[in-house]
Amino acid sequence: NAGVTQTPKFRILKIGQSMTLQCAQDMNHNYMYWYRQDPGMGLKLIYYSVGAGITDKGEVPNGYNVSRSTTEDFPLRLELAAPSQTSVYFCASSYDRFGTFETQYFGPGTRLLVL
Amino acid sequence: AQKITQTQPGMFVQEKEAVTLDCTYDTSDQSYGLFWYKQPSSGEMIFLIYQGSYDEQNATEGRYSLNFQKARKSANLVISASQLGDSAMYFCAMGLSNFGNEKLTFGTGTRLTIIP
Numbered sequence: 004n005a006g007v008t009q010t011p012k013f014r015i016l017k018i019g020q021s022m023t024l025q026c027a028q029d030m031n032h033n034y035m036y037w038y039r040q041d042p043g044m045g046l047k048l049i050y051y052s053v054g055a056g057i058t059d060k061g062e063v064p065n066g067y068n069v070s071r072s073t074t075e076d077f078p079l080r081l082e083l084a085a086p087s088q089t090s091v092y093f094c095a096s097s098y099d100r101f102g103t104f105e106t107q108y109f110g111p112g113t114r115l116l117v118l
Numbered sequence: 027a028q029k030i031t032q033t034q035p036g037m038f039v040q041e042k043e044a045v046t047l048d049c050t051y052d053t054s055d056q057s058y059g060l061f062w063y064k065q066p067s068s069g070e071m072i073f074l075i076y077q078g079s080y081d082e083q084n085a086t087e088g089r090y091s092l093n094f095q096k097a098r099k100s101a102n103l104v105i106s107a108s109q110l111g112d113s114a115m116y117f118c119a120m121g122l123s124n125f126g127n128e129k130l131t132f133g134t135g136t137r138l139t140i141i142p
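Protein chains in written order, with this note's numbering: chain G, 4 to 118; chain D, 27 to 142.
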């Protein structure tokens, strides 16, 4: 049971380049999330998904896109990288149980530097 | 709009002492969940403890306990008998929704340093 995995661990992008951050979980969780963490700050929600084929925007979605074709995978796409997207990106997942709050389990993070 | 406030940017505590990390929250929802996560220097986010808004008793997990005062909208984390390995960033977070915690909002964190 690997939990939540993310690739790559670190990436340097040039302004205007595109990339996809990969996230996978093997816990059969319905819910998956993408957060970004800027230096000295807490995490902010970019996008989330409540199941395959269903995604929705979080607090800071501009400049990103997501898709969820399977329960296991939830990739995050940066189309035109900007310096403001320099951050650490965390993927997380959780169960879906009506009426309760389930713990989100986080991946190890991807450190992205846009120059 | 929901908000989490952590007013202590940094704390220094002697090893083996207890420490309280402050967290206040703001929401008009009646149903919510409060979480604490630990982020060591390696960067991963580690879940510590959870408190539901309707839970009557304070949550406890080993050396961690959550001092939940609903009327004051506070959810302080208490770590008993601190250890050197407790040195890390600690984040308080709140989840809103009956269908899961997709609206998880984080505070800015407190950096805890344990002194030998």
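Each residue gets a CB set at the ideal place from its N, CA and C atoms; glycine is no exception.
Exercise for the section: Taking only beta-carbon positions, decide if D:Leu103 is within less than 8 Å of chain G. Expected result: no
Practice task
Determine the DSSP secondary structure at D:Asp112, reduced to helix, strand or coil.
Solution key: helix
Exercise for the section: Using 10 angstroms around the beta-carbon of D:Ser91, count the other beta-carbons present and answer buried if the total reaches 16, otherwise exposed. Expected result: By the neighbour-count rule (16 or more Cβ atoms within 10 Å), D:Ser91 is buried.
Problem - Sub-8 Å separation of G:Lys12 and G:Arg114 beta-carbons - result: yes
Practice task
Would you kindly report the start and end of the unbroken beta strand (DSSP E) that includes D:Lys29?
Solution key: For D:Lys29, the enclosing beta strand (DSSP E) starts and ends at Lys29 to Thr31.
Exercise for the section: Under 6 Å Cβ to Cβ from D:Phe61, same chain only, skipping five residues before and after it: list those, please. Expected result: Tyr76 and Ala119
Exercise for the section: Could you pull out every residue in the same chain whose Cβ sits closer than 6 Å to the Cβ of D:Leu130, ignoring the five residues on either side in sequence? Expected result: Leaving aside the five residues that flank D:Leu130 on each side, the residues in its chain whose CB is nearer than 6 Å to its CB run, in chain order, Ala119 and Gly121.
Exercise for the section: Taking all protein chains shown into account, decide if G:Ala95 is buried (16 or more other Cβ within 10 angstroms of its Cβ) or exposed. Expected result: Counting C-beta atoms within 10 angstroms of its own C-beta, G:Ala95 has 16 or more neighbours from the protein chains shown and is therefore classed as buried.
Exercise for the section: Determine the contact status of G:Met22 and G:Gly6, defining contact as a CB-CB distance below 8 Å. Expected result: no
Practice task
Taking D:Glu87 and D:Leu74 to be in contact with their CB atoms under 8 Å, please state how far apart those CB atoms are, rounded to whole angstroms.
Solution key: About 7 Å separates the CB atoms of D:Glu87 and D:Leu74; that is less than 8 Å, so the two are in contact.
Practice task
Compute the Euclidean distance between the alpha carbons of D:Thr134 and G:Thr73, then round it to the nearest angstrom.
Solution key: 33 Å
Problem - Reduced DSSP secondary structure (H/G/I, E/B, other) of D:Gly126 - result: Per-residue confidence for D:Gly126 stands at a pLDDT of 49, beneath the threshold of 50, marking its modelled position as unreliable; the derived number appears in the next sentence. In this structure, D:Gly126 counts as coil in the three-state DSSP scheme.
Handout entry: Contact set between G:Gly54 and chain D, taken where Cβ atoms lie within less than 9 Å
Key = Those within 9 Å of G:Gly54 in chain D number zero; the least Cβ separation is about 10 Å.
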